[in-house]
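Engineer: My numbering applies: residue 3 is where the sequence shown begins, and numbers increase by one.
Glycine included, each C-beta is placed from N, C-alpha and C at the ideal position.
None of these values were measured; they are calculated from a predicted model.
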Amino acid sequence: MSDFQQLSSVGTNYSVILFTKMPPQNLFHQKSKIIVSCPKGLAPWLEEELKESGFNTTSNSHTWVGLDGDLMDCMRINYSTRIGHKVLFLLKDFIARDPKALFAAIKSFPWEIYLPSNGYFAVTSVVDNPTIRDTRYPNLVCKDAIVDRLKSVYHQRPDTGSEKNGIVVHLHWINESASVFLDTSGETLAKHGYRLNPFMAPLQETLAAALVRATGWDRKSPFVNPMCGSGTIIIEAALLLLGIYPALQRKNFAFMHLNGYNPDFVKTAVKNLKRNLTGINPEECNLTATDLSNVAIAAARTNATIAGVDKFISFKRCDFSETRITPTQKGIIFFNPGYGDRMGEEENLALEYKRMGDFMKQKCKGYTGVIFTGNSVLAKSVGLRTKRKIQFYNATIECRMLCYELF
Ligand SMILES: C[S@@+](CC[C@H](N)C(=O)[O-])C[C@H]1O[C@@H](n2cnc3c(N)ncnc32)[C@H](O)[C@@H]1O
């Protein structure tokens with residue numbers, strides 16, 4: 003079964019829930035299926051994160067994790083996830099052979115329960131149906147069906163558009179299986195809001211958060227990040243260690259525009275997520291980031307300041323081999339070197355990869371060495387035996403996180 007077919011079937015039980023009129027104050031406590039989406043390959047780490055936050059996950063695929071819950075749970079996930087991109091709340095799943103059937107099924111849903119009379123909404127979709135050539139068309143059908151329904155109830159036309167700054171409805175239609183969700187996030191959660199300064203080939207924040215988690219770091223011992231670039235890895239490590247949730251800074255989520263939303267709900271949703279950092283001694287955090295480039299170090303420092311973690315990270319401009327390594331029984335040293343996209347680059351990089359291997363072997367005893375790379379040929383130049391190889395994708399590039407036990 004493909005990812006999409008699985009997604010279309012996860013919510014089947016909920017198609018029987020008819021959201022008959024209920025007081026809006028109960029709306030945020032109605033249970034349904036929740037799908038948290040993520041980039042390809044991050045689902046195991048997203049699932050681990052959700053479990054750590056106390057959620058019972060029920061299903062997963064490469065690009066999403068499923069669980070049962072209500073809109074309050076969706077809010078909490080929006081605020082707490084470092085790896086998820088969207089939090090979708092299932093409204094209805096149904097069979098639709100063609101656009102006509104799609105229109106009828108969507109129009110019959112009581113959208114007025116969720117959408118206010120003077121609201122604005124956008125529609126997004128993932129579609130693979132034999133009757134559809136232009137995948138923008140089902141979006142229009144879905145939007146028109148919702149508009150028709152709301153016009154017949156409110157006697158006024160809601161505003162619609164492509165901006166995801168209000169309510170967002172997500173249509174998932176694969177073959178004949180269709181599902182409609184509320185996308186409770188709206189704008190993607192992929193950006194954590196601190197990276198104003200991207201420098202060179204930065205990792206996406208959600209990928210960096212998953213990589214930090216995948217190292218198995220105990221969040222106490224040293225975390226060293228030579229070749230830090232714009233600092234995404236070390237900043238995500240610091241945010242995790244300090245229990246800072248980047249989404250708490252975000253002012254707008256799609257769930258805030260739904261009927262029945264009360265700003266007081268946020269207090270419940272973020273309970274236990276807020277940390278007071280005044281008692282934490284920066285010296286004890288043991289987070290180090292270095293880079294050969296002055297510009298990279300300046301960018302990483304600025305980004306760390308925006309993220310609120312600058313004083314917990316020790317930054318230095320130097321060749322990676324001059325990075326100070328605290329002697330310890332346990333710790334992580336994490337490299338994300340270039341992969342060599344340009345002609346002639348690979349030869350020089352092979353020497354760098356070998357130097358990294360030598361440095362880890364000679365200077366980092368007790369640590370777990372990690373190299374994240376999209377070049378398996380260069381990886382061989384490291385010259386150390388890998389203990390673990392984990393597959394990831396950096397955008398479309400297949401990558402490996404190579405882990406070395408440094409005795
Ligand atoms: C792929 S980028 C790292 C991107 C980073 N993970 C991020 O998210 O921004 C590789 C970095 O390695 C640095 N670098 C290259 N050779 C180096 C060396 N010999 N010592 C230290 N840093 C080096 C570059 O300046 C660059 O910032």
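#1: Going along the chain, which residues of its own chain have a beta-carbon closer than 6 Å to the beta-carbon of E238, five neighbours each way excluded?
#2: How close, in whole Å, do the beta carbons of A306 and G233 come, if the pair is a contact with beta carbons under 8 Å?
#3: Going by DSSP in three states, R135 sits in which element: helix, strand or coil?
#4: Taking R32 as the reference, give the member of D75, D150, N58, R303 with the closest Cα.
#5: Quick one: residues in its chain with C-beta nearer than 8 Å to the C-beta of D312, no 5 flanking neighbours on either side, listed in chain order?
#6: Which of the three DSSP states is assigned to Q8 in this structure?
#7: Going by DSSP in three states, S61 sits in which element: helix, strand or coil?
#8: Tell me, to the nearest whole angstrom, how far the beta carbon of T83 is from that of L69; I am working on the premise that it is less than 8 Å.
#9: Tell me whether N227 sits in a helix, a strand or coil according to DSSP, three-state version.
#10: For ligand 1, is there any heavy atom lying closer than 8 Å to the beta carbon of L289?
#11: Exposed or buried, which one is A106 when buried takes at least 16 other CB atoms within 10 Å?
#12: Terminal residues of the continuous alpha helix (DSSP H) containing W47?
#13: Any heavy atom of ligand 1 closer than 8 Å to the Cβ of I235?
#14: So for E114, helix, strand or coil by DSSP?
#15: Is it the case that the CB of A298 approaches a heavy atom of ligand 1 more closely than 8 Å?
#16: Quick one: Cα of D161 to Cα of A124, how far?
#17: Ligand 1 and L184: does the residue's C-beta get closer than 8 Å to at least one heavy atom of that ligand?
#18: In whole angstroms, give me the CA-to-CA distance for A397 and H157.
Structural biologist: Let me lay it out:
#1: Same-chain partners within the cutoff: A210, A211, V214.
#2: In this structure A306 is in contact with G233, their Cβ atoms being roughly 6 Å apart against a cut-off of 8 Å.
#3: Here R135 sits in coil by DSSP.
#4: According to the sequence as given, residue 32 is Gln; it is not Arg. In this structure, D75 is the residue among D75, D150, N58, R303 with its C-alpha nearest to the C-alpha of Q32.
#5: Counting only Cβ-Cβ distances below 8 Å, and skipping sequence neighbours, we find R303, A306.
#6: In this predicted model, Q8 has a pLDDT of only 40, less than 50, meaning its place in the structure is not dependable; the value taken from the coordinates is given anyway. Of the three classes helix, strand and coil, the one that applies to Q8 here is helix, per DSSP.
#7: Shown here, S61 sits in a strand according to DSSP, grouped into three states.
#8: Not quite, the Cβ-Cβ distance comes to about 12 Å (not below 8 Å), so this is no contact.
#9: Strand at N227.
#10: In this structure, the C-beta of L289 stays at least 8 Å away from each heavy atom of ligand 1.
#11: A106 is exposed by the Cβ-count criterion.
#12: Counted as a single uninterrupted DSSP element, the alpha helix (DSSP H) harbouring W47 occupies residues 45-54.
#13: Checking every heavy atom of ligand 1 against the Cβ of I235, one is found closer than 8 Å.
#14: Of the three classes helix, strand and coil, the one that applies to E114 here is helix, per DSSP.
#15: Taking non-hydrogen atoms of ligand 1 into account, the C-beta of A298 is found less than 8 Å away from one of them.
#16: So the alpha carbons of these two residues sit roughly 9 Å apart.
#17: Annotation for L184 indicates a beta carbon at 8 Å or more from all heavy atoms of ligand 1.
#18: Cα to Cα, the separation comes out at about 45 Å.
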